[in-house]
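Visitor: Below is a structure I'd like to ask you about.
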Amino acid sequence: MKTCQLGRSGLTVSALGLGCMGMSDFYGGQDDAESIRTLHRALELGVTFFDTADMYGPYKNEELLGQAFKGKRQRIVLATKFGIQRDPNDPTKRSINGRPEYVKAACEGSLKRLGTDHIDLYYQHRVDPNTPIEETVGAMSRLVEEGKVRFLGLSEAAPATVRRAAAVHPIAALQSEYSLWSREPEDEILPTIRDLGIGFVPYSPLGRGFLTGQIQKFEDLEADDYRRFSPRFQGENFQKNLGLVARINDLAQQKRCTAGQLALAWVLAQGEDVVPIPGTKRVKYLEENLGALEVELSRDELAQLDEIAPKGSAAAGLRYPEAMMSTVNG
129 MKTCQLGRSG LTVSALGLGC MGMSDFYGGQ DDAESIRTLH RALELGVTFF DTADMYGPYK
189 NEELLGQAFK GKRQRIVLAT KFGIQRDPND PTKRSINGRP EYVKAACEGS LKRLGTDHID
249 LYYQHRVDPN TPIEETVGAM SRLVEEGKVR FLGLSEAAPA TVRRAAAVHP IAALQSEYSL
309 WSREPEDEIL PTIRDLGIGF VPYSPLGRGF LTGQIQKFED LEADDYRRFS PRFQGENFQK
369 NLGLVARIND LAQQKRCTAG QLALAWVLAQ GEDVVPIPGT KRVKYLEENL GALEVELSRD
429 ELAQLDEIAP KGSAAAGLRY PEAMMSTVNG
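Residue numbers for the sequence shown follow the working numbering, beginning at 129 and rising by one.
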(Lines of atoms letter the chains of each structure in order from A and count residues from 1; the text may use other names and numbers.)
(Lines give C-alpha, C1' and ligand atoms only; values in the text may rest on other atoms or scores of the structure.)
Protein backbone atom coordinates (compact mmCIF):
# COMPACT_ATOMS: atom_id res chain seq x y z
CA MET A 1 0.00 0.00 0.00
CA LYS A 2 1.32 3.40 -0.98
CA THR A 3 1.45 5.93 1.85
CA CYS A 4 1.04 9.70 1.90
CA GLN A 5 1.86 12.49 4.30
CA LEU A 6 -0.98 14.83 5.15
CA GLY A 7 0.40 18.21 4.11
CA ARG A 8 3.48 19.23 6.05
CA SER A 9 2.17 17.74 9.29
CA GLY A 10 4.36 14.66 9.44
CA LEU A 11 1.31 12.40 9.78
CA THR A 12 1.68 9.47 7.38
CA VAL A 13 -1.37 7.48 6.29
CA SER A 14 -2.33 4.93 3.64
CA ALA A 15 -3.06 6.48 0.25
CA LEU A 16 -6.70 5.44 0.63
CA GLY A 17 -8.50 5.51 3.95
CA LEU A 18 -11.78 3.98 5.09
CA GLY A 19 -14.81 6.01 6.12
CA CYS A 20 -16.69 4.03 8.76
CA MET A 21 -19.90 6.05 9.22
CA GLY A 22 -22.17 3.78 7.20
CA MET A 23 -21.30 0.79 9.36
CA SER A 24 -23.39 2.24 12.18
CA ASP A 25 -25.68 4.94 10.85
CA PHE A 26 -27.43 6.74 8.00
CA TYR A 27 -27.21 4.18 5.18
CA GLY A 28 -29.69 1.54 6.27
CA GLY A 29 -29.36 -1.78 8.08
CA GLN A 30 -26.26 -2.53 10.12
CA ASP A 31 -24.32 -5.79 10.40
CA ASP A 32 -21.57 -5.41 12.99
CA ALA A 33 -20.00 -8.78 12.18
CA GLU A 34 -19.61 -7.89 8.50
CA SER A 35 -18.37 -4.43 9.41
CA ILE A 36 -15.67 -5.88 11.65
CA ARG A 37 -14.65 -8.29 8.88
CA THR A 38 -14.39 -5.27 6.59
CA LEU A 39 -12.23 -3.37 9.08
CA HIS A 40 -9.92 -6.35 9.56
CA ARG A 41 -9.70 -6.96 5.81
CA ALA A 42 -8.81 -3.32 5.25
CA LEU A 43 -5.95 -3.66 7.69
CA GLU A 44 -4.78 -6.86 5.97
CA LEU A 45 -4.71 -5.03 2.64
CA GLY A 46 -2.61 -2.16 3.97
CA VAL A 47 -5.24 0.44 4.89
CA THR A 48 -4.08 2.22 8.04
CA PHE A 49 -6.32 5.33 8.03
CA PHE A 50 -9.77 4.90 9.61
CA ASP A 51 -12.32 7.69 10.02
CA THR A 52 -15.19 7.86 12.51
CA ALA A 53 -17.03 10.45 14.66
CA ASP A 54 -18.82 10.54 17.98
CA MET A 55 -22.10 11.48 16.26
CA TYR A 56 -22.21 8.32 14.13
CA GLY A 57 -24.79 6.22 15.92
CA PRO A 58 -24.50 8.35 18.00
CA TYR A 59 -21.48 6.76 19.67
CA LYS A 60 -22.00 3.29 18.16
CA ASN A 61 -19.38 3.66 15.44
CA GLU A 62 -16.60 4.61 17.83
CA GLU A 63 -17.54 1.64 20.02
CA LEU A 64 -17.44 -0.64 16.97
CA LEU A 65 -13.94 0.52 16.02
CA GLY A 66 -12.79 0.16 19.61
CA GLN A 67 -13.95 -3.45 19.54
CA ALA A 68 -12.54 -4.23 16.09
CA PHE A 69 -9.07 -2.80 16.74
CA LYS A 70 -8.52 -4.10 20.23
CA GLY A 71 -4.94 -5.36 20.26
CA LYS A 72 -4.28 -3.75 16.86
CA ARG A 73 -4.21 -0.09 17.87
CA GLN A 74 -0.53 0.46 17.12
CA ARG A 75 -1.08 -0.51 13.48
CA ILE A 76 -3.66 2.14 12.63
CA VAL A 77 -4.08 5.90 12.29
CA LEU A 78 -7.36 6.66 14.03
CA ALA A 79 -9.32 9.80 13.16
CA THR A 80 -12.50 10.88 14.91
CA LYS A 81 -14.55 14.05 15.15
CA PHE A 82 -16.51 16.11 17.66
CA GLY A 83 -18.83 19.08 17.39
CA ILE A 84 -22.19 17.75 16.20
CA GLN A 85 -24.29 16.87 19.22
CA ARG A 86 -27.26 14.54 18.78
CA ASP A 87 -29.91 13.80 21.34
CA PRO A 88 -29.61 10.06 22.18
CA ASN A 89 -33.38 9.99 22.69
CA ASP A 90 -34.04 11.66 19.35
CA PRO A 91 -30.97 11.51 17.08
CA THR A 92 -32.71 13.70 14.49
CA LYS A 93 -32.20 16.62 16.86
CA ARG A 94 -28.70 18.03 16.54
CA SER A 95 -26.70 21.12 17.39
CA ILE A 96 -23.18 22.42 16.79
CA ASN A 97 -20.90 22.86 19.80
CA GLY A 98 -17.33 24.14 19.72
CA ARG A 99 -17.12 25.51 23.27
CA PRO A 100 -13.79 24.74 24.97
CA GLU A 101 -15.34 22.82 27.87
CA TYR A 102 -17.22 20.62 25.40
CA VAL A 103 -14.07 19.93 23.38
CA LYS A 104 -12.44 18.38 26.44
CA ALA A 105 -15.52 16.38 27.44
CA ALA A 106 -16.07 15.09 23.91
CA CYS A 107 -12.47 13.92 23.64
CA GLU A 108 -12.69 12.02 26.93
CA GLY A 109 -15.82 10.27 25.69
CA SER A 110 -14.22 9.30 22.38
CA LEU A 111 -11.08 7.96 24.06
CA LYS A 112 -13.20 5.72 26.28
CA ARG A 113 -15.37 4.40 23.45
CA LEU A 114 -12.39 3.81 21.15
CA GLY A 115 -10.50 2.00 23.89
CA THR A 116 -7.35 4.06 23.42
CA ASP A 117 -5.25 6.61 25.27
CA HIS A 118 -4.81 8.88 22.25
CA ILE A 119 -6.48 9.95 19.01
CA ASP A 120 -4.18 10.35 16.02
CA LEU A 121 -6.25 12.97 14.19
CA TYR A 122 -8.99 14.91 15.97
CA TYR A 123 -11.34 16.97 13.81
CA GLN A 124 -13.84 19.65 14.62
CA HIS A 125 -16.76 18.15 12.69
CA ARG A 126 -18.53 21.44 11.96
CA VAL A 127 -17.59 25.00 12.85
CA ASP A 128 -19.64 26.48 15.70
CA PRO A 129 -20.80 29.92 14.55
CA ASN A 130 -21.31 30.95 18.17
CA THR A 131 -17.79 30.12 19.36
CA PRO A 132 -14.69 31.83 17.90
CA ILE A 133 -12.56 29.27 16.09
CA GLU A 134 -9.58 30.48 18.10
CA GLU A 135 -11.24 29.30 21.31
CA THR A 136 -12.15 25.89 19.89
CA VAL A 137 -8.72 25.23 18.41
CA GLY A 138 -7.10 26.54 21.57
CA ALA A 139 -8.94 23.86 23.52
CA MET A 140 -7.97 21.25 20.93
CA SER A 141 -4.32 22.30 21.20
CA ARG A 142 -4.39 21.64 24.93
CA LEU A 143 -5.40 18.07 24.16
CA VAL A 144 -2.21 17.79 22.09
CA GLU A 145 -0.18 19.15 25.00
CA GLU A 146 -1.77 16.53 27.26
CA GLY A 147 -0.88 13.71 24.85
CA LYS A 148 -4.51 12.78 24.23
CA VAL A 149 -4.41 13.91 20.59
CA ARG A 150 -1.53 13.86 18.11
CA PHE A 151 -2.78 16.03 15.23
CA LEU A 152 -5.67 18.44 14.67
CA GLY A 153 -8.10 18.70 11.79
CA LEU A 154 -11.15 20.65 10.62
CA SER A 155 -14.15 19.54 8.60
CA GLU A 156 -16.19 21.69 6.19
CA ALA A 157 -14.44 24.88 7.31
CA ALA A 158 -14.25 27.99 5.11
CA PRO A 159 -10.86 29.27 3.91
CA ALA A 160 -10.83 32.25 6.27
CA THR A 161 -11.71 29.98 9.20
CA VAL A 162 -8.90 27.60 8.28
CA ARG A 163 -6.39 30.44 8.26
CA ARG A 164 -7.55 31.67 11.68
CA ALA A 165 -7.37 28.14 13.07
CA ALA A 166 -3.89 27.54 11.67
CA ALA A 167 -2.67 30.71 13.37
CA VAL A 168 -3.51 29.12 16.74
CA HIS A 169 -2.13 25.61 16.15
CA PRO A 170 -0.90 23.65 13.11
CA ILE A 171 -3.76 21.96 11.27
CA ALA A 172 -2.83 18.61 9.72
CA ALA A 173 -5.90 18.00 7.58
CA LEU A 174 -9.11 19.49 6.27
CA GLN A 175 -11.97 17.12 5.54
CA SER A 176 -14.60 18.19 3.00
CA GLU A 177 -16.91 16.51 0.53
CA TYR A 178 -15.15 16.17 -2.81
CA SER A 179 -15.88 14.04 -5.86
CA LEU A 180 -16.69 14.28 -9.53
CA TRP A 181 -20.09 15.70 -8.59
CA SER A 182 -18.88 17.94 -5.71
CA ARG A 183 -15.90 19.95 -6.97
CA GLU A 184 -16.45 23.14 -4.96
CA PRO A 185 -13.21 22.77 -2.93
CA GLU A 186 -11.21 23.50 -6.07
CA ASP A 187 -12.29 27.15 -5.98
CA GLU A 188 -10.84 28.34 -2.66
CA ILE A 189 -10.37 25.46 -0.24
CA LEU A 190 -7.59 23.59 -2.05
CA PRO A 191 -5.51 26.71 -2.81
CA THR A 192 -5.81 27.82 0.83
CA ILE A 193 -4.81 24.56 2.45
CA ARG A 194 -1.96 24.01 0.01
CA ASP A 195 -0.66 27.45 0.86
CA LEU A 196 -0.78 26.49 4.55
CA GLY A 197 0.66 22.99 4.13
CA ILE A 198 -2.54 21.23 5.19
CA GLY A 199 -3.53 17.82 3.81
CA PHE A 200 -6.90 17.23 2.15
CA VAL A 201 -9.18 14.33 3.12
CA PRO A 202 -12.19 14.07 0.78
CA TYR A 203 -15.21 12.31 2.21
CA SER A 204 -17.98 10.88 0.01
CA PRO A 205 -15.57 10.60 -2.95
CA LEU A 206 -18.10 8.23 -4.55
CA GLY A 207 -20.99 10.67 -4.22
CA ARG A 208 -22.52 8.69 -1.34
CA GLY A 209 -22.45 5.62 -3.55
CA PHE A 210 -24.25 7.21 -6.49
CA LEU A 211 -21.16 7.40 -8.70
CA THR A 212 -20.68 3.62 -8.51
CA GLY A 213 -23.76 3.10 -10.65
CA GLN A 214 -25.18 0.65 -8.12
CA ILE A 215 -28.15 2.92 -7.31
CA GLN A 216 -30.47 2.99 -10.32
CA LYS A 217 -33.80 3.91 -8.75
CA PHE A 218 -35.02 5.63 -5.61
CA GLU A 219 -36.38 2.32 -4.31
CA ASP A 220 -32.85 0.90 -4.21
CA LEU A 221 -32.39 2.94 -1.02
CA GLU A 222 -33.60 1.29 2.18
CA ALA A 223 -36.52 2.89 4.00
CA ASP A 224 -34.25 4.24 6.76
CA ASP A 225 -31.49 5.44 4.40
CA TYR A 226 -30.97 9.17 4.89
CA ARG A 227 -30.10 9.60 1.21
CA ARG A 228 -33.84 9.48 0.58
CA PHE A 229 -33.85 13.03 1.98
CA SER A 230 -30.90 14.24 -0.09
CA PRO A 231 -31.86 16.54 -2.98
CA ARG A 232 -29.52 14.76 -5.37
CA PHE A 233 -31.36 11.47 -4.85
CA GLN A 234 -34.84 12.86 -5.45
CA GLY A 235 -37.16 13.31 -8.44
CA GLU A 236 -35.78 15.02 -11.52
CA ASN A 237 -32.38 15.46 -9.89
CA PHE A 238 -32.07 11.69 -9.52
CA GLN A 239 -32.82 11.12 -13.20
CA LYS A 240 -30.41 13.83 -14.36
CA ASN A 241 -27.66 12.43 -12.16
CA LEU A 242 -28.19 8.96 -13.63
CA GLY A 243 -27.14 10.48 -16.94
CA LEU A 244 -23.87 11.68 -15.37
CA VAL A 245 -23.17 8.21 -13.97
CA ALA A 246 -23.91 6.58 -17.32
CA ARG A 247 -21.19 8.65 -18.99
CA ILE A 248 -18.72 7.83 -16.22
CA ASN A 249 -19.58 4.15 -16.60
CA ASP A 250 -19.00 4.29 -20.38
CA LEU A 251 -15.47 5.56 -19.82
CA ALA A 252 -14.92 3.00 -17.05
CA GLN A 253 -15.83 0.19 -19.42
CA GLN A 254 -13.23 1.46 -21.86
CA LYS A 255 -10.71 1.43 -19.00
CA ARG A 256 -11.79 -2.08 -17.91
CA CYS A 257 -12.59 -0.89 -14.41
CA THR A 258 -15.76 -0.09 -12.50
CA ALA A 259 -17.42 3.32 -12.44
CA GLY A 260 -16.57 3.59 -8.74
CA GLN A 261 -12.91 2.81 -9.36
CA LEU A 262 -12.78 5.45 -12.08
CA ALA A 263 -14.41 8.06 -9.82
CA LEU A 264 -11.95 7.28 -7.04
CA ALA A 265 -8.99 7.30 -9.41
CA TRP A 266 -9.99 10.81 -10.47
CA VAL A 267 -9.93 12.01 -6.85
CA LEU A 268 -6.58 10.32 -6.25
CA ALA A 269 -5.19 12.05 -9.35
CA GLN A 270 -5.87 15.50 -7.90
CA GLY A 271 -2.67 15.57 -5.86
CA GLU A 272 -0.29 13.71 -3.57
CA ASP A 273 -1.80 15.61 -0.65
CA VAL A 274 -5.30 14.21 -1.34
CA VAL A 275 -6.29 11.13 0.70
CA PRO A 276 -9.90 10.07 0.07
CA ILE A 277 -11.84 8.02 2.60
CA PRO A 278 -14.54 6.12 0.69
CA GLY A 279 -16.96 4.48 3.05
CA THR A 280 -18.26 0.94 2.95
CA LYS A 281 -19.46 -1.73 5.35
CA ARG A 282 -18.82 -4.71 3.07
CA VAL A 283 -15.59 -6.53 2.19
CA LYS A 284 -16.64 -6.80 -1.46
CA TYR A 285 -16.82 -3.04 -1.96
CA LEU A 286 -13.71 -2.40 0.12
CA GLU A 287 -11.69 -4.59 -2.22
CA GLU A 288 -13.27 -2.95 -5.26
CA ASN A 289 -12.44 0.53 -3.95
CA LEU A 290 -8.82 -0.40 -3.31
CA GLY A 291 -8.58 -1.44 -6.95
CA ALA A 292 -8.78 2.27 -7.80
CA LEU A 293 -5.16 2.59 -6.69
CA GLU A 294 -4.18 0.59 -9.80
CA VAL A 295 -6.18 2.75 -12.22
CA GLU A 296 -3.96 5.31 -13.94
CA LEU A 297 -5.62 8.12 -15.86
CA SER A 298 -4.03 9.72 -18.89
CA ARG A 299 -4.17 13.43 -19.56
CA ASP A 300 -6.79 12.77 -22.22
CA GLU A 301 -8.93 10.70 -19.83
CA LEU A 302 -8.73 13.39 -17.17
CA ALA A 303 -9.88 15.89 -19.79
CA GLN A 304 -12.80 13.62 -20.70
CA LEU A 305 -13.85 13.44 -17.06
CA ASP A 306 -13.53 17.20 -16.80
CA GLU A 307 -15.98 17.47 -19.69
CA ILE A 308 -18.34 14.83 -18.26
CA ALA A 309 -18.36 16.39 -14.78
CA PRO A 310 -17.35 20.06 -15.13
CA LYS A 311 -16.60 22.10 -12.05
CA GLY A 312 -19.66 23.93 -10.78
CA SER A 313 -22.33 22.15 -12.79
CA ALA A 314 -21.85 18.37 -12.64
CA ALA A 315 -24.62 17.28 -10.28
CA ALA A 316 -28.27 18.28 -10.13
CA GLY A 317 -29.41 19.29 -6.65
CA LEU A 318 -27.79 20.42 -3.42
CA ARG A 319 -25.47 17.95 -1.72
CA TYR A 320 -27.40 18.27 1.58
CA PRO A 321 -30.94 19.33 2.42
CA GLU A 322 -31.09 23.12 2.57
CA ALA A 323 -31.13 23.29 6.40
CA MET A 324 -27.94 21.22 6.60
CA MET A 325 -26.17 23.30 3.96
CA SER A 326 -26.03 26.14 6.49
CA THR A 327 -23.54 24.10 8.57
CA VAL A 328 -20.92 23.65 5.84
CA ASN A 329 -18.19 26.03 4.75
CA GLY A 330 -18.35 27.68 8.16
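No residue lacks a Cβ here, since even glycine has one placed at the ideal position from N, Cα and C.
1. How about LEU390 and ILE376: are their beta carbons less than 8 Å apart?
2. Could you tell me which of GLU364, ASP215 and GLU422 sits nearest to ALA143, measuring between CA atoms?
3. Looking only at DSSP bridge pairs, what is GLN303 linked to?
4. Taking just the CA atoms, how far does GLU162 sit from ALA451?
5. Check whether the segment 318-329 and the segment 291-309 are in contact - that is, three or more C-beta pairs closer than 8 Å.
6. Can you find at least 3 beta carbon pairs, one from the segment 308-324 and one from the segment 440-455, that sit closer than 8 Å?
7. Following the continuous beta strand (DSSP E) through ILE224, name the residue where it begins and the one where it ends.
8. What do you get for ASP159, buried or exposed, if any count of 16 or more other CB atoms within 10 angstroms of its CB means buried?
9. With distances taken from CA atoms, which of PHE346, LEU242 and SER283 is nearest GLN202?
10. Counting pairs of beta carbons, one from the segment 249-256 and one from the segment 208-223, are three or more of them closer than 8 Å?
11. Check GLN133 in the structure and name its three-state DSSP category.
12. Could you check how far apart the C-beta atoms of VAL411 and THR166 are, in whole angstroms? I think they sit under 8 Å.
13. Spell out the partners DSSP gives ALA101 in its beta bridges.
14. Relative to the C-alpha of GLY237, which residue among PRO298, GLU284, ASN189 and LYS200 is closest?
15. Just tell me which of GLN342, ARG447 and ALA234 has its CA closest to the CA of THR277.
16. For the beta strand (DSSP E) holding GLN342, just list the boundary residues, first then last.
17. According to DSSP, simplified to helix, strand and coil, what is GLY147?
18. Within the same chain, show all residues whose beta-carbon is closer than 6 Å to that of VAL456, passing over the 5 residues directly before and after it, in chain order.
19. Are VAL141 and CYS132 closer than 8 Å when you measure CB to CB?
Guide: Let's see:
1. yes
2. GLU422
3. Residue pairing by DSSP puts GLN303 in a beta bridge opposite SER283 and VAL329.
4. 33 Å
5. yes
6. Three or more Cβ pairs closer than 8 Å define a contact, and the segment 308-324 meets that threshold against the segment 440-455.
7. 218-224
8. Under a 10 Å Cβ-count criterion, ASP159 is classified as exposed, with fewer than 16 other Cβ atoms of the shown protein chains found around its own Cβ.
9. LEU242
10. yes
11. strand
12. 5 Å
13. Any property of residue 101 remains undetermined from this structure, which presents the chain solely from 129 to 458.
14. ASN189
15. The displayed chain sequence assigns Val, not Thr, to residue 277. When each option's Cα is compared against that of VAL277, the closest is ALA234.
16. GLN342 -> no beta strand (DSSP E), and no H or E assigned at all.
17. strand
18. So the list reads GLU284, once near-sequence residues are dropped.
19. yes
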